[in-house]
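Working notes for the structure below.
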Amino acid sequence: MKLAVLKERRDGETRVAASPDTVKKFKGLGLEVAVEAGAGAAARVSDADFQTAGASIAPDAASALAGADIVLSVRSPDASEIAQMKKGAVLAALLAPYTDKDTPAALAAQGVDGFAMEFLPRISRAQAMDVLSSQANLAGYKAVIDAAATFGRAMPMMMTAAGTIAPARVLVMGVGVAGLQAIATARRLGAIVSATDVRPATKEQVESLGATFVAVMDDEFKNAQTAAGYAKPMSPEYQAKQAALIAETIKKQDIVITTALIPGRKAPVLVTEDMIKTMKPGSVIVDLAAEQGGNTPLTKANEVYEIHGVTIMGYTNLPGRLAVDASSLYARNLFNFVSLIVDKKTGALALNWEDEIVKGAGLTRDGAVVHPSLKG
Ligand code: NAD
């Protein structure tokens, strides 16, 4: 059975869906691996590295895809690539299922079973495949590093003969995987960190990392977590109370990292323009929700600019700014997913649609769009 690894074609996508390590592991499963030439270049993996690991190098997408039973990529392949996929093939990638409606339709028309890695259930058995976690963890780290590099002051307190430098104050808004790593990174750099979220479970996590928890802890807060572990959209009344608290807190901050997301919806606006105007000159906001509309109304996707004396960073692909590590973790996540759908004895595809991981991530099956969240 053949597995193909595509080169990414989208602007700014530096990651690659396989690593020499996973190529070796796929070979161990009995698969033949074809990597499109140059696929790893931006993540510092050469064609020769892939070859040494046992892959063949395909000169273009068409030859990589010819006869491939499993196709791996980071972002969704474009229409012409999908049109070259074999009927009955499996595609595993970040398919942006809430925003990209064309790809599932094209995959169904081609008879390809498409799996959106974003939809993997957040259960323990799927942890080793959890791309949202592996990538968000790196994004949270990089957000703090980017902010520190732009901030015109030091992060830790420094007592020197020439005087004392006060530590930076960092506020992290949204304490999921990215937020937790942002807190830990900012703490390691010596900042005074506080954090906010609407899920009660985060209070203890924030405090265990040595940061202060700031939130409106009313009855709505106590019920803000869904069974799947995500946040619910909050009522206008809650949002008003939250805004008043954040307005007071944000004035004293030097760096604000926002990561608040609600699956399938526009990101909540947590930092208004009026709040930004109260921030100290030279402050920095890194908005990890930029791709989903941003946690501030002033965020511009993929732009870094200054307004009201505050630098706002709207990178939409922070993991891609750490392409080497992001690729190797993403590749390992995909390997773990593929090992679930390949029969170890025969080396053939063995999709068990009763498995909640397969069912949870599967967008298309046998020529139809099947995921409940994409139907009607
Ligand atoms: P996410 O990216 O969906 O959202 C980021 C954070 O924003 C969340 O903590 C959310 O509560 C918060 N948020 C949403 N609206 C907000 C608002 N108005 N104000 C402040 N904060 C707001 O989250 P994620 O990183 O994907 O994590 C989601 C959950 O999944 C967490 O409970 C996490 O612990 C859990 N998880 C479980 C596993 C597992 O395998 N069991 C793995 C990874 C993550």
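Residue 282 in the numbering used here sits at position 282 of the sequence shown, and the numbers go up by one each step.
Glycine is no exception: its CB is placed at the ideal position from the N, C-alpha and C atoms.
Inset, instruction - Under 7 Å Cβ to Cβ from A326, same chain only, skipping five residues before and after it: list those, please. - result: By one-based count along the sequence shown, residue 326 stands at place 326. If we look at A326 and ignore the five residues flanking it on each side, its Cβ neighbours are R15, Q135, L138, P319 and G320.
Inset, instruction - Please work out which residues of its chain come closer than 7 Å, Cβ to Cβ, to P281, disregarding the five sequence neighbours upstream and downstream, and give them in chain order. - result: Your numbering for residue 281 matches position 281 in the sequence shown. Excluding residues within five positions, the ones whose Cβ falls inside 7 Å are G309.
Inset, instruction - Alpha carbon to alpha carbon, how far is V175 from V198? Give it in angstroms, no decimals. - result: By one-based count along the sequence shown, residue 198 stands at place 198. By one-based count along the sequence shown, residue 175 stands at place 175. Going by the C-alpha atoms only, they are around 9 Å apart.
Inset, instruction - Report buried or exposed for L95, applying the criterion of at least 16 other Cβ atoms within 10 angstroms of its Cβ. - result: Here residue 95 corresponds to residue number 95 of the sequence shown, with the count starting at 1. Buried, since its Cβ has 16 or more Cβ neighbours within 10 Å.
Legend entry - Distance between T346 and K300 (C-alpha atoms, nearest Å): Numbered from 1 along the sequence shown, position 300 holds the residue referred to as residue 300. Numbered from 1 along the sequence shown, position 346 holds the residue referred to as residue 346. Taking the straight line from one Cα to the other gives about 50 Å.
Inset, instruction - Please determine if the segment 337-354 and the segment 24-40 are in contact, where contact requires at least 3 C-beta pairs separated by less than 8 Å. - result: yes
Legend entry - Three-state secondary structure assigned by DSSP to I264: Within the sequence shown, residue 264 is the residue found at index 264, counting from 1. The sequence shown places Gly at residue 264, rather than the Ile named in the question. It is coil, neither helix nor strand.
Inset, instruction - Given a cut-off of 8 Å, decide if A41 and L6 are closer than it, judged by their beta-carbon atoms. - result: Counting from one through the sequence shown, the residue named residue 6 turns up at place 6. Counting from one through the sequence shown, the residue named residue 41 turns up at place 41. No.
Legend entry - Length at least 4, wholly inside the segment 125-209: the alpha helix (DSSP H) runs in chain order: 131-150, 177-188 and 201-208
Inset, instruction - Starting from L340, trace the alpha helix (DSSP H) both ways and give me its first and last residue. - result: Along the sequence shown, read from residue 1 onward, the residue named residue 340 stands at position 340. Start and end: A323 to I341.
Legend entry - Residues that DSSP places opposite E306 in a beta bridge: Reading the sequence shown from its first residue, position 306 is the one you call residue 306. The partner list for E306 (beta bridge, DSSP) reads T311.
Inset, instruction - Rounded to whole angstroms, what's the CA-CA distance from A92 to L72? Just pull it up for me. - result: Mapped onto the sequence shown, residue 92 falls at position 92. Mapped onto the sequence shown, residue 72 falls at position 72. When rounded, the distance between both Cα atoms is 5 Å.
Legend entry - Three-state class that DSSP yields for S73 in the structure shown: Along the sequence shown, one-based indexing puts residue 73 at 73. Residue state, collapsed to three classes: strand.
Inset, instruction - Use the C-beta contact count for Y305: other C-beta atoms within 10 angstroms, 16 or more gives buried, fewer gives exposed. - result: In the sequence shown, counting from the first residue as 1, residue 305 sits at position 305. It counts as exposed.
Inset, instruction - Tell me, please, which residues DSSP counts as bridged to E32. - result: Taking the first residue of the sequence shown as position 1, residue 32 is located at position 32. Answer by DSSP bridge pairing, in chain order: K2.
Legend entry - Strand pairing of R365, partner residues [DSSP]: The residue you call residue 365 lines up with position 365 of the sequence shown. Paired residue(s): A368.
Legend entry - Local conformation of L383 per DSSP, three classes: Outside the shown range of the chain (1 to 376) lies residue 383, about which nothing can therefore be said.
Inset, instruction - Tell me whether the beta-carbon of V172 lies closer than 8 Å to the beta-carbon of A162. - result: Taking the sequence shown and counting its residues from 1, the one referred to as residue 172 is at position 172. Taking the sequence shown and counting its residues from 1, the one referred to as residue 162 is at position 162. Cβ distance not < 8 Å, so V172 and A162 don't count as in contact.
Legend entry - Buried versus exposed call for S194 [16 or more other C-beta atoms within 10 Å across all chains shown]: Your numbering for residue 194 matches position 194 in the sequence shown. By the beta-carbon neighbour count (other beta carbons within 10 angstroms, threshold 16), S194 is buried.
Legend entry - Beta-carbon proximity check, Q253 vs M279, cutoff 8 Å: As a working note, residue 253 is residue 253 in the sequence shown. As a working note, residue 279 is residue 279 in the sequence shown. Taking 8 Å as the Cβ cut-off, Q253 and M279 qualify as a contacting pair.
Legend entry - Residue nearest to L433 in terms of C-alpha spacing, selected from T196, G360 and A128: No information on residue 433 is available, as it lies outside the stretch 1 to 376 that the chain covers here.
Inset, instruction - Please name the residue or residues paired with L95 in a DSSP beta bridge. - result: Here residue 95 refers to the residue found at position 95 when the sequence shown is read from its first residue. DSSP lists no partner for L95.
Legend entry - CA-to-CA distance, N333 to V131, given in whole angstroms: For this step, residue 131 is matched to residue 131 along the sequence shown. For this step, residue 333 is matched to residue 333 along the sequence shown. Distance between the alpha carbons of V131 and N333 is about 6 Å.
Inset, instruction - Report yes or no: do three or more beta-carbon pairs, one from the segment 97-107 and one from the segment 67-82, lie closer than 8 Å? - result: The segment 97-107 makes contact with the segment 67-82: 3 or more CB pairs, one atom from each, lie closer than 8 Å.
Inset, instruction - May I ask whether a heavy atom of the ligand NAD can be found less than 7 Å away from the beta carbon of M451? - result: In the structure as shown, the chain begins at 1 and stops at 376. Residue 451 is therefore absent and cannot be evaluated.
Legend entry - Reduced DSSP category for I82 - H, G, I as helix; E, B as strand; rest coil: Residue 82 sits at position 82 when you count from the first residue of the sequence shown. In this structure, I82 counts as helix in the three-state DSSP scheme.
Legend entry - Residue closest to L31, alpha-carbon to alpha-carbon, out of D49, A53, G38 and A109: Your numbering for residue 31 matches position 31 in the sequence shown. Residue A53 is the option with its Cα nearest to L31.
Legend entry - Within 8 Å, strictly: CB atoms of A148 and M155: Start at 1 with the first residue of the sequence shown, and residue 148 comes out as number 148. Start at 1 with the first residue of the sequence shown, and residue 155 comes out as number 155. Cβ distance < 8 Å, so A148 and M155 count as in contact.
Legend entry - Simplified DSSP assignment, three categories, for I57: Locating residue 57 in the sequence shown gives position 57, where the first residue counts as 1. Here I57 sits in strand by DSSP.
Inset, instruction - Measure from the alpha carbon of R169 to the alpha carbon of each residue in A211, A178, G140 and S133, then state which is nearest. - result: Start at 1 with the first residue of the sequence shown, and residue 169 comes out as number 169. Selected option, being the one with the closest Cα: A211.
Inset, instruction - May I ask you to report which of helix, strand or coil DSSP gives S116? - result: For the purposes of this step, residue 116 is taken as the residue at position 116 of the sequence shown. The amino acid at residue 116 is misidentified as Ser; the sequence shows Ala. In the structure shown, A116 sits in a strand (DSSP, three-state: E or B).
Inset, instruction - Please confirm if the segment 114-132 is in contact with the segment 285-303, defined as three or more CB-CB distances below 8 Å between the two stretches. - result: no
Inset, instruction - State yes or no: is the C-beta of G229 nearer than 7 Å to some heavy atom of the ligand NAD? - result: The residue you call residue 229 lines up with position 229 of the sequence shown. Closer than 7 Å to some heavy atom of the ligand NAD: that describes the Cβ of G229.
Inset, instruction - Assign I246 to one of three DSSP states: helix, strand, or coil. - result: On the sequence shown, position 246 is the one that residue 246 refers to. If DSSP states are grouped into helix, strand and coil, I246 belongs with the helices.
Legend entry - Q225 - partner residues in DSSP beta bridges: The sequence position of residue 225 within the sequence shown is 225, counting from 1. Paired residues: A231.
Inset, instruction - From the DSSP output, in three-state form, read off D47 for me. - result: Position 47 of the sequence shown, counted from the first residue, corresponds to residue 47. Shown here, D47 sits in a helix according to DSSP, grouped into three states.
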